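In our numbering, the protein residues as written are 7 to 129.
Take a look at the structure below.
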């Protein structure tokens, strides 16, 4: 049996707005409400199930994308006026990284979750 991540619950102050925010950056449609969640499913079938919460720890979610998808998402990040960083600790503001021969960038969602898009991972 192979083991695959199927879904993760993402706590949010406003589940619909949060799912729509990330969906708009990634270019992914948001699903219909499925109480108590608002789902956002990415191309490998993993679903981020957004759920309303008032007190939670911030998550880090990284999305491996193709070069053209990176360009489109990064353009949407810039157009939205979001602050972005080359590092997860948010020290290299306004920069992207070039780890593992690719590109990567970090940005916060409206809940303070640290989101990342990257085009390459280590072998």
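Ideal Cβ positions, reconstructed from N, Cα and C, are used throughout, including at glycine.
Fair warning: this is a prediction, and the values are worked out from it, not measured in the lab.
Local Cβ density within 10 Å of residue 119, reported as buried at 16 or more and exposed below that: The residue you call residue 119 lines up with position 113 of the chain shown. A buried status is given to residue 119, since no fewer than 16 other beta-carbon atoms sit within 10 Å of its beta-carbon.
Stretch-stretch touch, CB-based, cutoff 8 Å, three pairs: the region 110 to 126 with the region 16 to 33: yes
Close Cβ partners of residue 48 (< 8 Å) along its chain, the five nearest in sequence each way excluded: As a working note, residue 48 is residue 42 in the chain shown. Cβ within range, chain order: 32, 34, 54, 69.
Alpha-carbon to alpha-carbon, residue 46 and residue 130: It is not possible to answer for residue 130, since the shown part of the chain is limited to 7 through 129.
Extent of the continuous alpha helix (DSSP H) run through residue 29: Within the chain shown, the letter at position 23 stands for residue 29. Here the alpha helix (DSSP H) through residue 29 covers 21 to 32.
CB-CB length for residue 88 against residue 110, believed under 8 Å: For the purposes of this step, residue 88 is taken as residue 82 along the chain shown, with counting starting at 1. For the purposes of this step, residue 110 is taken as residue 104 along the chain shown, with counting starting at 1. Not quite, the Cβ-Cβ distance comes to about 15 Å (not below 8 Å), so this is no contact.
Limits of the unbroken alpha helix (DSSP H) element including residue 18: Counting from 1 along the chain shown, the entry for residue 18 is found at position 12. Careful: residue 18 lies outside any alpha helix (DSSP H), inside the beta strand (DSSP E) at 13 to 18.
Proximity below 9 Å, CB of residue 92 to CB of residue 83: Within the chain shown, the letter at position 86 stands for residue 92. Within the chain shown, the letter at position 77 stands for residue 83. For residue 92 and residue 83, no; Cβs fall outside 9 Å.
N- and C-terminal bounds of the beta strand (DSSP E) containing residue 68: The residue you call residue 68 lines up with position 62 of the chain shown. Note, residue 68: beta strand (DSSP E), 66 to 70.
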